[in-house]
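What follows is a short report on a single structure.
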Amino acid sequence: MLHYIIQTVAFQFFFLIIYDVFLRKETFFNWNRAYLLVTTILSLVIPFIKISSFKTIISQNYMINLPEVFIGKPTETAISPITLEPTLVVENSFWTWESIIYLGIGIATIVFIYKLIKLLQLLYKNPKERIDNIFIVNLMKSNVAFSFFNYVFLGEQLKKEQRAAVLKHEMVHVKQKHTLDLLFFELLRILFWFNPLIYIYQSKILSLHEFIADDQAVKTQDKSQYYQSLLSQVFETKNISFINPFFKQSLIKKRIVMLSKSKSKRVNLLKYVIIAPVILGMLIYVSCEKEALTDEIGQENLELSQYSYSLKKGEKMVGDKKEIHTKYEDFLKKNKDYVSWTQIDRSNDLVSYSVHHITEKVPENLSKSEVNFPDGSSYTIYINWTNSAKSEVKETEESKRQKEKELLKLKEEYKNALEVPFSIIDEVPLFPGCEGSNKEQKKCMSMNVSKHVNINFNTKLAKELGLKGRQRINVIFKIDKNGDVIDVRSRAKHPGLEAEAIRVINTLPKFKPGIHNGKTVNVPYSLPIIFQVTE
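Residue numbering for the sequence shown follows this note's numbering, beginning at 1071 and increasing consecutively.
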């Protein structure tokens, strides 16, 4: 939710900058009105639009993940994953950021209802007359003038000549349904009360409403008389944000300036074309930002424990576990650099699920399968089909048959699973001197890259930087069409480690470039480096 709010505010900010720089001074008032309404809606909708063809930051078809490189003295004892039973944690503090947002929405709703009640009181307490589909509400002892839907509120103290000018003006608001615009922004003010850009949007749309109404009204009236009706005296103004007030002091000067301006040239309509590349850029960003966040570097920073859960024999997947399972599957479908580890504990009748990055070493008792869905989506799962460890609990023949039946059922679920190949690229880039079969070439490539990093990495850096323990460095680089290493990036807890990793990878020799469909291609690589600092 927070990420969505940040994106929405950022998009609105860009749209408003374009409006103020290029469009605000133009006299295309209806075009500007449409721009403000459309861009507001786009800022709310674009974050949900994911266009798969834009996901070209890193081609998943060509991504190759090299095995971890260990520097220093890595621990040789393999550590089996431990899956904990998910526990519901109750937050005692009321003042979370979500509760503050909901509280603000509640207060904003109350304020809106209060304004609406004040308006309804004016409507029912004052005499009304009907002209066609328009209702004129005569406000007693007042010189206020404003409109709301098909109701035009006119103070009885307005002079006769003023009343006629105001009525023409307010009729434009009614016919063009300006109240709907203001109520739309009023709703956004309730939902996004903390976003100052919504208030700016509403203020600008209110100004445009007045410019539009003034522009139409002076077509049947002398401009100088119209100016006089605006400047004749200081009028009251109802402080209601979703009405169209005629006499609003902060707008009078702007309205007169706009009335006196010459009409903008038609060629200036081309300025609105600038919105097209801006929207395209936003769509590319939201379509690719998932790749940038989860598929490149820094995967270890994701909180993967939120997708872990366990089910006992016969337990139904409901409530919290159903919710976790849904998130678990959605995450695995969208993020191909992550896989599921499924551990069947037959002695305790328990199945545990957890999510891991593909660079993590998979326990030897787990075998690889693919879970496919009718919509074409899938994810990779590692599961212990066979009971590699002997159970210490004595089992009856009945329980053995029952567990064997459950295992067969589980296998049936995944019987059509497809093995995901190491890479679908025809020929991967080769380290100089690597020969043999395709499998041997890949193994040779991994071994030589690992050897090169071990030899060239400055292990004294840890002491210089004051580092201790296990340090993880995630590196991404490309081998281009000429076999050169390019676009090296890294992420680690210390900038010094990042810089050293980039330096070492840049010293790799020239490779034989990768080939796909008979053509040389750029091939991205992901290389995790584990630096074990010795005490």
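Ideal Cβ placement from N, Cα and C applies to all residues, glycine included. Since the model is a prediction, treat every value here as computed from it, not as a measurement.
Pairing Arg1559 with Ile1546 gives a Cβ-Cβ distance under 8 Å. Asn1528 places its beta carbon less than 8 Å from that of Glu1570.
By the beta-carbon neighbour count (other beta carbons within 10 angstroms, threshold 16), Thr1396 is exposed.
DSSP places Asn1442 within a strand segment (E or B) once states are collapsed to three. Assigned with DSSP and collapsed to three states, Lys1229 falls in coil, not helix or strand.
Cα atoms of Lys1513 and Asn1442: separation of roughly 29 Å, rounded to the nearest angstrom. In the structure shown, Val1214 falls within a coil segment according to DSSP collapsed to helix, strand and coil.
When C-alpha distances from Leu1257 are compared across Ser1311, Ile1414, Asn1208, Tyr1423, the shortest belongs to Ser1311. The residues Leu1112, Ile1116, in chain order, have a CB closer than 8 Å to that of Ile1349 in the same chain once the five nearest residues on each side in sequence are set aside. Our two residues, Leu1209 and Arg1233, have alpha carbons roughly 12 Å apart in a direct line. Rounded to the nearest whole angstrom, the CA to CA distance from Lys1211 to Gln1272 is 30 Å.
Note on the stretch 1533 to 1587: whole beta strand (DSSP E) runs with a minimum of 3 residues are 1539 to 1549, 1555 to 1561, 1584 to 1586, in chain order. Annotation for Asn1102: Leu1093, Leu1278 place their beta carbon closer than 6 Å to its own, counting only its chain and skipping 5 residues before and after.
Ile1206 and Lys1198 do touch by the CB rule: their CB atoms are close to 7 Å apart, below 8 Å. In the structure shown, the three-state DSSP call for Lys1188 is helix. Shortest Cα-Cα distance from Val1603 to any of Asp1554, Glu1534, Val1519 involves Glu1534. The beta carbons of Phe1255 and Ile1275 sit closer together than 8 Å. Taking a 10 Å sphere around the C-beta of Glu1434, we find fewer than 16 other C-beta atoms and assign the residue as exposed.
For Gln1082, same chain residues with a beta-carbon under 6 Å away, outside a window of 5 residues either side, are Ser1113, Leu1267 in chain order. The DSSP-derived three-state label of Glu1096 is coil.
Within the model, the alpha-carbon separation for Lys1331 versus Ala1562 is close to 58 Å. Gln1286 carries a helical assignment under DSSP once its states are collapsed to helix, strand and coil. In the DSSP assignment, the residues bridged to Leu1500 are Lys1582. The three-state secondary structure of Ser1424, taken from DSSP, is strand. In the three-state reduction of the DSSP assignment, Asp1419 falls in the coil class. For Tyr1595, there is no enclosing alpha helix (DSSP H); the residue is part of the beta strand (DSSP E) that begins and ends at 1593 to 1603.
Taking the CA atoms as reference points, Ile1177 sits about 43 Å from Lys1333. For Lys1404, the enclosing alpha helix (DSSP H) starts and ends at 1389 to 1404.
Judged by pairs of C-beta atoms under 8 Å, the stretch 1500 to 1515 does not touch the stretch 1536 to 1543, as fewer than three such pairs exist. The C-alpha of Gln1541 lies about 58 Å from the C-alpha of Glu1096. Where Arg1200 is concerned, the enclosing beta strand (DSSP E) starts and stops at 1198 to 1201. Within the same chain, Cβ atoms closer than 7 Å to the Cβ of Asn1454 are found at Gln1413, Ile1414, Asn1435, Leu1436, the five residues on either side in sequence being excluded. The residue among Glu1280, Asn1592, Thr1577 with its C-alpha nearest the C-alpha of Pro1583 is Asn1592. Counting other Cβ atoms within 10 Å of its Cβ, Ser1507 stays below 16 and is therefore classed as exposed. By the Cβ-count criterion, Pro1579 is exposed, with fewer than 16 other Cβ atoms from all chains shown falling within 10 Å of its own Cβ.
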